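Using the working numbering, the first residue of the sequence shown is number 154, and each one after it goes up by one. No residue lacks a Cβ here, since even glycine has one placed at the ideal position from N, Cα and C. Treat the numbers as computed from the prediction; the structure is a model and nothing was measured. The block underneath contains the structure these notes are about, expressed in structure tokens.
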Amino acid sequence: MKFSEMTQDSWAELQLYLDTCLIPFTGLTGNHSPAEATEALERLRDFLDLIEVPFKGRVMTYPAFHFAFPEMSMALNTICEQLKRSGFKYVVIMTSDGLLDKDKISSADLVFNRSQMVEEIDEAKIAGYVGEKIREMWKN
């Protein structure tokens, strides 16, 4: 579910079930042409589908961070802390192309970086891996 589909009243009703916040991170640097930026957004959209589609009803997708800047990881960590204070039990960050320092995002329950994953996992197995990690997070 997207944040824009939620009203104040529906949030009060559904907050118990929507316990996981998904933060997309595009990782644009400003050096991309419009076509390259579009391609980056499409890669991120497809990557987000690995969580948004199978776990619809439990995951709320928040607005994306599109541009990277120094200390991005620390900024995302602060956002994760604030989202948890606002009622989310879990916060997951997903990026297809961005560079993040996972050690500086300790408040995120999971950080998925597709460009790193394809170097370590067969691309056909990424969807299963992501789903498995999400289910493990919810069990703990």
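In the structure shown, the three-state DSSP call for residue 187 is helix. Residue 281 sits exposed, since fewer than 16 C-beta atoms from the chains shown fall within 10 Å of its C-beta. A check of alpha carbon separations from residue 198 across 187, 250 and 173 identifies 250 as the nearest.
Residues of the same chain with a CB within less than 7 Å of the CB of residue 227, apart from the 5 flanking positions on each side, are 257 in chain order. When secondary structure is reduced to three states using DSSP, residue 231 falls in the helix class. Excluding five sequence positions before and after residue 171, the CB atoms of its chain that fall closer than 6 Å to its own CB belong to 213, given in chain order. Distance from the CA atom of residue 202 to the CA atom of residue 195, rounded to whole angstroms, is 11 Å. Counting only residues of its own chain and dropping the five nearest sequence neighbours on each side, residue 182 has a CB closer than 8 Å to the CB of 220 and 221. Distance from the CA of residue 260 to the CA of residue 204, rounded to the nearest whole angstrom, comes to 19 Å.
The DSSP-derived three-state label of residue 206 is coil. In the three-state reduction of the DSSP assignment, residue 167 falls in the helix class, which pools H, G and I. Checking the DSSP bridge columns, you'll see residue 213 partnered with 174. Residue 248 is bridged by DSSP to 178 and 266.
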